[in-house]
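Residue numbers (our numbering): 1332 to 1662.
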């Protein structure tokens, strides 16, 4: 998931901001988000490996036959995949997969990166260089795990697909084709078992996550990781239904998406580094033509449905949200 407009969000307890020609905004009601409100999740990554020849100079990799990413969203290999990384990590495949999911791969990993420039095939020799001496490093070694990461951004940010390989000196395979990402990631999110965040229906609201200790992956939460946030309304949908469509919670409210629900709304913005609260009035509505009006209050929704608040990490390798909480307007 990504958030587009660059809109500064407020930090601090009250979240007061200047949103009306220099006039002071009224004080927002500050509502805490704590661990009991945040979603929980479990996930695993398929690490079935493809044996490949260690003769890297004569081995090709293609990714044109992968029409979906690991979240089962449509993928256009020629335009969406801008960088491919070949990564070599010490450890067993399952251990490495867990590090990928937790965004805890060692900083000292060996990797080579290829800039695709619209191509969908390349020789494995393209991944060689100062960062990865293939003549010495692309060898049969059961103590290491090798994988390709197909990404939208450099250095593995915005990964859309993975392919695990196992170099074998005796292997005759010199043509690798990345398969579809759909099915490689097993993921379950829980929203219905969490406490809703009760907010006033009328009037400005700021959400304060300074007391949050754990993110949605069950790892330690660091507020400095939050770079973006969105607030979305899903008319006619329950939290249980959104749980089952978790990978689509942005698309279901995105007016530019073919999946958008009639009457859905999505308000979004950037979050200042280290901020521990956000005045929801700093979020602007996403429209088909660009940023729209700022969020005012929860009275903007006039039909039954569900509100979700999400906080995201734009620099994390794993795109999974840090926070997703069900918001329950009252009064």
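Don't be surprised by glycine CBs; every beta carbon is placed ideally from N, CA and C.
Helix, strand or coil for residue 1522? Go by DSSP, reduced to three states. If DSSP states are grouped into helix, strand and coil, residue 1522 belongs with coil.
Do the stretch 1559-1567 and the stretch 1504-1524 make contact, defined as three or more Cβ pairs closer than 8 Å? As far as the Cβ criterion goes, the stretch 1559-1567 does not touch the stretch 1504-1524, which means the pair count is below three.
Between which residues of its own chain and residue 1378 is the CB-CB distance below 7 Å, once the five residues before and five after are set aside? A distance below 7 Å between beta-carbons, with the five flanking residues on each side excluded, links residue 1378 to the following residues of its chain, in chain order: 1424, 1425, 1428, 1495.
Which value, in whole angstroms, describes the spacing of the CA atoms of residue 1512 and residue 1359? In a straight line, the C-alpha of residue 1512 is about 43 Å away from that of residue 1359.
If you compare alpha carbons, which of 1656, 1551, 1546, 1535 is closest to residue 1627? Of the candidates 1656, 1551, 1546, 1535, the one whose C-alpha sits nearest the C-alpha of residue 1627 is 1535.
Can you confirm whether the stretch 1459-1476 touches the stretch 1406-1422 when touching is taken to mean that 3 or more C-beta pairs between the two stretches lie within less than 8 Å? Contact annotation: the stretch 1406-1422 touches the stretch 1459-1476, with at least three C-beta pairs closer than 8 Å.
Extent of the continuous alpha helix (DSSP H) run through residue 1411: Looking at the DSSP string, the run of the alpha helix (DSSP H) that includes residue 1411 is 1408-1411.
For residue 1553, count neighbouring C-beta atoms within 10 Å of its own C-beta (all shown protein chains included) and say buried if the count is 16 or more, exposed if not. Residue 1553 comes out exposed.
Look up residue 1370 in the DSSP assignment and say whether it is helix, strand or coil. In the structure shown, residue 1370 falls within a coil segment according to DSSP collapsed to helix, strand and coil.
For residue 1493, name the three-state secondary structure that DSSP assigns. Strand at residue 1493.
Selection from 1605, 1643, 1398, 1621 that minimises the alpha carbon distance to residue 1587: Cα-wise, what sits closest to residue 1587 is 1621.
Taking DSSP as the reference, what is the three-state secondary structure of residue 1292? No answer is possible for residue 1292: the residues shown for the chain start at 1332 and end at 1662.
Do you know offhand how far residue 1596's Cα is from residue 1658's? Cα to Cα, residue 1596 sits roughly 14 Å from residue 1658.
Have a look at the DSSP bridge pairing and note the partners of residue 1617. Here residue 1617 is bridged, per DSSP, to 1622.
Coarse secondary structure for residue 1543, derived from DSSP in three states: Look at residue 1543 here: in three-state DSSP terms it is coil, with no helix or strand label.
Residue of 1567, 1430, 1529 minimising C-alpha distance to residue 1633: It is 1567.
Quick test of your reading: residue 1541 and residue 1608, contact by CB under 8 Å. State the CB separation rounded to the nearest angstrom. Contact annotation, residue 1541 with residue 1608: C-beta distance approximately 7 Å; criterion of less than 8 Å satisfied.
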